[in-house]
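Visitor: One structure, as structure tokens, below. Some questions next.
What follows is the structure in structure tokens.
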């Protein structure tokens, strides 16, 4: 059996296109943990992130003959996961919009009457992000609201990718702690916003 661990990604993709399961296993070993960390940052439930990553890798195996060998596999896999995450979030938001919800039961008396559910969401976003330090707020917003990758943020801010990951981790920890003390309506709206 060949030692695929020393193969560059492009050579692994060529082997994968020929149906070599060991090449697929090596690509999975290299990237599954990374994209799982990326997907987990969008969901409260890690099982959902794991399912999503598995779906992406299954699709890669099923459509292996269509893979391009001249492109970066790392960029490709992150783009696939990001697109699937965004599709899942869109579906979730659409489902919430069309459910027959009695918004009066969801809104706190302390919250001023907003014009719409999305008005509440905007106000909630501002409230929960307001508790972050300016750096955490900037990096978290660039990642979660503007959709930049950790590498892109690191390049734009001239910091290491590890620093970006650390700020996002601290921001998520702070936001989760803040949400624990909030009313149920604020938590529901925040889950929609942060997912």
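Numbering (our numbering), first residue to last: 117 to 311. Note that CB positions come from ideal geometry on N, CA and C, so glycine has one too.
#1: Quick one: using the 10 Å Cβ neighbour count with 16 as the cut-off for buried, is residue 307 buried or exposed?
#2: Is residue 122 near residue 185, with beta carbons less than 8 angstroms apart?
#3: Check whether the segment 140-157 and the segment 191-211 are in contact - that is, three or more C-beta pairs closer than 8 angstroms.
#4: Please name the residue in 287, 270, 147 and 263 whose C-alpha comes closest to that of residue 250.
#5: For residue 145, count neighbouring C-beta atoms within 10 Å of its own C-beta (all shown protein chains included) and say buried if the count is 16 or more, exposed if not.
#6: Measure the CB-CB distance between residue 259 and residue 266 and report whether it falls below 8 angstroms.
#7: With a 10 Å radius around its C-beta and 16 neighbouring C-beta atoms as the bar for buried, classify residue 134 as buried or exposed.
#8: Excluding the 5 residues preceding and the 5 following residue 172 in the sequence, name in chain order all residues of the same chain whose CB lies nearer than 8 angstroms to its CB.
#9: Rounded to whole angstroms, what's the CA-CA distance from residue 224 to residue 279? Just pull it up for me.
#10: Give me the Cα-Cα distance between residue 285 and residue 291, rounded to the nearest whole angstrom.
Guide: To lay it out plainly:
#1: Unreliable placement is indicated for residue 307, whose pLDDT of 48 sits below 50; no coordinate value is reported for it.
#2: no
#3: yes
#4: 287
#5: exposed
#6: yes
#7: exposed
#8: 151, 193, 196, 197 and 200
#9: Note that residue 224 scores a pLDDT of 49, beneath 50, so its modelled location is shaky; the value from the coordinates is reported in the next line. Residue 224 and residue 279: Cα-Cα distance of roughly 37 angstroms.
#10: 10 angstroms
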